[in-house]
Amino acid sequence: MAEALGIEHLTEISGGEAVWAFLTPLIVFAVFFVLQIVLPARRVTGYVKDRDTGEPRNYRLNGLLVFVIAHIVWAFEIGGLPRDWFYRSSLWAVVGGTVFCAIFAVWSVFTQPPGEIQNPWLALWEGRSQELQLFNNRIDIKMWWYVVGGTMLSLNALSGAAWHHGQFGGDANPGIYLYAAFWTFYTFDYFIWERVQLYTY
Numbered sequence: 012m013a014e015a016l017g018i019e020h021l022t023e024i025s026g027g028e029a030v031w032a033f034l035t036p037l038i039v040f041a042v043f044f045v046l047q048i049v050l051p052a053r054r055v056t057g058y059v060k061d062r063d064t065g066e067p068r069n070y071r072l073n074g075l076l077v078f079v080i081a082h083i084v085w086a087f088e089i090g091g092l093p094r095d096w097f098y099r100s101s102l103w104a105v106v107g108g109t110v111f112c113a114i115f116a117v118w119s120v121f122t123q124p125p126g127e128i129q130n131p132w133l134a135l136w137e138g139r140s141q142e143l144q145l146f147n148n149r150i151d152i153k154m155w156w157y158v159v160g161g162t163m164l165s166l167n168a169l170s171g172a173a174w175h176h177g178q179f180g181g182d183a184n185p186g187i188y189l190y191a192a193f194w195t196f197y198t199f200d201y202f203i204w205e206r207v208q209l210y211t212y
């Protein structure tokens, strides 16, 4: 089936690489979590009100800085991560990402008070809390996941372009580079206007 889909090259990784590929999303989530906590950020008032105080919640926004640093790390292969890794690992990473996101979803719902929604399946669909913030509101879960998703959209496109260049060199399709450049610009612009994401419920 992989051959029919033209993705057989994505199955050509070793068993050890498959394990790392499966764990890649978890590692990415962890690294971005640390970056968002330790890097400087601007404080912005949102529209969701804190249930305890009745006041609008404050957010630390540093997605653009995290985005730039992640791209520098990728471009210079800091830490030994090959530029084409996100592309080559994509099949196993999708499996790992699905598993870890399912675990995160269950955690984020069932660690909150039941409220009006008693049915657990409906609770997973509707959610139980508008906001989840950790470490004295230093990190907001929704904004953390936005930063991971937006940055990885760009890095996955760039990683695919790096793999394509490595395979075809001078015969590479310039459309692949244009595609990667488009997604990188799109997500860069996305983070310039990061505050807008506070209003996307």
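According to my numbering, the sequence shown is numbered sequentially starting from 12.
Even glycine gets a Cβ: it sits at the ideal position worked out from N, Cα and C.
With contacts defined by Cβ atoms closer than 9 Å, Ala81 and Ala32 do not form a contacting pair.
Cβ contact annotation for Leu169 (same chain, cutoff 6 Å, sequence separation greater than five): Ala191, in chain order. In the three-state DSSP reduction, Arg206 falls in the helix class (H, G or I).
Just so you know, the alpha carbons of Asn147 and Thr195 end up roughly 32 Å apart. By the Cβ test, the region 92-103 is in contact with the region 165-184, since at least three Cβ pairs between them sit closer than 8 Å.
By the 16-neighbour rule on beta-carbons within 10 angstroms, Pro36 is buried.
DSSP places Asp151 within a strand segment (E or B) once states are collapsed to three. Around the beta carbon of Ile150, 16 or more other beta carbons sit within 10 angstroms, so the residue counts as buried. The beta carbon of Glu205 sits closer than 7 Å to the beta carbons of Leu72, Gly74, Leu75 from its chain, once the five residues preceding and following it are set aside; these are given in chain order.
For Gln129, the three-state secondary structure derived from DSSP is coil. Only residues of its own chain outside the window of five on either side were considered, and among them Ala32, Phe33, Leu34, Thr35, Pro36, Leu37 have a CB closer than 8 Å to the CB of Gly107, listed in chain order.
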